[in-house]
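Residue numbers (our numbering): 396 to 554. Backbone N, C-alpha and C define an ideal beta-carbon position, used for all residues, glycine too.
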Amino acid sequence: MESNEKTIWDLLKKPSDLRNNEVDPYEFDRRKEDRKNIKERNEEYTKILIEYRDYFTKSLSFKTRCKKVSVFIFLGVLIAVVLAHCISIAVMVNRGFDMNTLVAFISASVSLITALLVIPTKIIEFIFNRDEEKYFVEIIRNIQDYDKKVRDDFKALAS
Numbered sequence: 396m397e398s399n400e401k402t403i404w405d406l407l408k409k410p411s412d413l414r415n416n417e418v419d420p421y422e423f424d425r426r427k428e429d430r431k432n433i434k435e436r437n438e439e440y441t442k443i444l445i446e447y448r449d450y451f452t453k454s455l456s457f458k459t460r461c462k463k464v465s466v467f468i469f470l471g472v473l474i475a476v477v478l479a480h481c482i483s484i485a486v487m488v489n490r491g492f493d494m495n496t497l498v499a500f501i502s503a504s505v506s507l508i509t510a511l512l513v514i515p516t517k518i519i520e521f522i523f524n525r526d527e528e529k530y531f532v533e534i535i536r537n538i539q540d541y542d543k544k545v546r547d548d549f550k551a552l553a554s
């Protein structure tokens with residue numbers, strides 16, 4: 396048997412026994428490289444989380460302001476349309492009206508007002524996604540789970 400070959404007994408030794416005798420340079424370099432890679436990855440994740448947090452904070456602030464403005468705009472348009480229809484009905488009543496015309500006008504007005512209520516609601520739901528915060532939390536949870544797994548694997552290798 397050559398001197399650089401390991402025997403079965405060498406392979407069966409505990410890692411602590413090997414540490415007392417000699418350190419495998421390849422294993423030492425690999426662990427050092429693993430530590431370096433984990434540190435670099437952690438720094439990159441930290442940068443990503445900081446950038447995402449800043450984006451999320453700015454986005455939330457912007458969306459809150461826009462939501463208030465859009466609600467006032469939509470309410471203003473709705474009130475203007477309702478007032479216009481009330482004025483139109485009053486004008487029709489004062490000039491003399493046909494009951495069929497009034498019924499058709501009122502049903503068309505109700506359809507328009509309903510559309511003016513539903514469409515802005517859908518637009519607000521689309522623009523101001525309520526699940527965005529949930530996605531942010533999910534991203535952080537996935538990163539934490541991955542970090543825990545990597546650290547557990549790293550601890551298992553170290554022992």
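- Given a length threshold of 3 residues, the segment 441-503 has no whole run of the beta strand (DSSP E) inside it.
- The residues 531 and 534, in chain order, have a CB closer than 8 Å to that of residue 447 in the same chain once the five nearest residues on each side in sequence are set aside.
- DSSP, reduced to helix, strand and coil, places residue 525 outside both helices and strands of the structure shown, so it counts as coil.
- Contact fails between the segment 427-437 and the segment 494-508, because fewer than three Cβ pairs, one in each stretch, are under 8 Å apart.
- Only residues of its own chain outside the window of five on either side were considered, and among them none has a CB closer than 7 Å to the CB of residue 456.
- For the 9 Å CB-CB criterion, residue 440 and residue 548 do not form a contact.
- The straight-line gap separating the alpha-carbon atoms of residue 509 and residue 473 is approximately 10 Å.
- Cβ atoms of residue 521 and residue 458 stay farther apart than 8 Å, at about 12 Å.
- Cβ contact annotation for residue 511 (same chain, cutoff 7 Å, sequence separation greater than five): 472, 473 and 476, in chain order.
- Put simply, the backbone Cα of residue 527 is about 20 Å away from that of residue 442.
- In the same chain as residue 538, and ignoring 5 residues on each side of it, the C-beta atoms closer than 8 Å to its own belong to 440 and 444, in chain order.
- Between the alpha carbons of residue 437 and residue 478 lies a distance of about 60 Å.
- Within the model, the alpha-carbon separation for residue 540 versus residue 546 is close to 10 Å.
- In this structure, residue 486 keeps its C-beta atom at 9 Å or more from the C-beta atom of residue 519.
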